[in-house]
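What follows is a set of notes on a single structure, which appears directly below.
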Amino acid sequence: MEVTSLVIREIKEHGARAYPFEACGFVLGHFKNSGLVRGEKTLEAINSRQGEKRRRRFNIEAEEFLAAERAAQSQGLDILAIYHSHPDHPALPSANDLEKALPFYRYLIVKVENGQAKELSCWLLANDRSGFLKQELTILP
Amino acid sequence: MSIALKIPTALRGFTDGLNQVELEGDTVGELLKKLIEKYPDLTTHLYDEEGLLRSFVNVFVDGTNVKSLEGQQTPVKEGQSIMLVPAIAGGNFG
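Those sequence lines, one after another, are chains A and B. Per numbering that gives the first Met the number 0, the first sequence starts with residue 0, numbered consecutively. Per numbering that gives the first Met the number 0, the second sequence starts with residue 0, numbered consecutively.
Here you go:
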């Protein structure tokens, strides 16, 4: 997956701002003929989990997903990826991520440690749901 | 009675790229069962190991989430707008 440096910066800023809770949102962009996807914008989502549960879980309601899809289409873009933060935990998909993951979309996970955004990784669910496949992330200027 | 079920982008790789599938059924649950009969590779994404619909799978009938209607027992009829819509969820370790 290719993403602009602005996308990376916005995901990290959102993760740091939401700390100690999980941030979540969408990456919008284009599918390329080569099969690559290129993320160009972020769209923040509301973590609908309540209270302290937001430290360890995120949820984006179906209604918000539909609204995001419409917002993307109105700009000539598609939803390419879902991002979320892992406060004080590694940028690796958890069992909970696997249980609830969708195929097709890339999953970007950013580690936020003591309020500072750290590394970010990119994953794709295997079609048989056996696990996540790590994806190369190319950052464009 | 043939009813059109709209398929979200994330699952079109399992429906031969179709964004809409024509199915027979009187309820949302029947449509979903017909869908996985037609496209068996979808089963693992819609249902868990115990055969229960995964929590992130939502169906909207004429713009209303069936979770606020009769769930999978919600009746459907030709001409209604019926959409499969994912919620997104996940989270940290522990």
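No residue lacks a Cβ here, since even glycine has one placed at the ideal position from N, Cα and C.
| Query | Result |
| --- | --- |
| Taking A:C23 as the reference, give the member of A:L35, A:N32, A:E43 with the closest Cα. | A:E43 |
| Tell me, to the nearest whole angstrom, how far the beta carbon of A:F103 is from that of B:I87; I am working on the premise that it is less than 8 Å. | At roughly 12 Å, the Cβ-Cβ gap does not stay under 8 Å, so A:F103 and B:I87 are not in contact. |
| Can you give me, in chain order, the residues of the segment 29-46 of chain A that have a beta carbon less than 8 Å from any beta carbon in chain B? | A44 |
| Buried or exposed, going by whether 16 or more other CB atoms sit within 10 Å of the CB of A:H9? | One detail in the question is off: residue 9 of chain A reads as Glu in this sequence, not His. Per the 10 Å Cβ criterion, buried. |
| Beta carbons nearer than 9 Å to chain B: which residues of the segment 98-109 of chain A have them? | E98, K99, A100, L101, P102, F103, Y104, Y106, I108 |
| Give a yes or no on contact between the segment 17-32 of chain A and the segment 71-86 of chain A, applying the rule of three or more CB pairs nearer than 8 Å. | yes |
| List the residues of chain B whose Cβ lies closer than 9 Å to the Cβ of A:H13, in chain order. | Those do not exist, as A:H13 stays about 15 Å from chain B at its closest Cβ, beyond 9 Å. |
| Is A:N95 helix, strand or coil when you go by DSSP? | helix |
| Need the endpoints of the alpha helix (DSSP H) that A:S4 sits in, please. | 4-17 |
| Tell me, please, which residues DSSP counts as bridged to A:N58. | B:A88 |
| So B:T8 contacts chain A; which residues on that side make the cut at Cβ distance below 9 Å? | E68, D77, I78, F103, Y104 |
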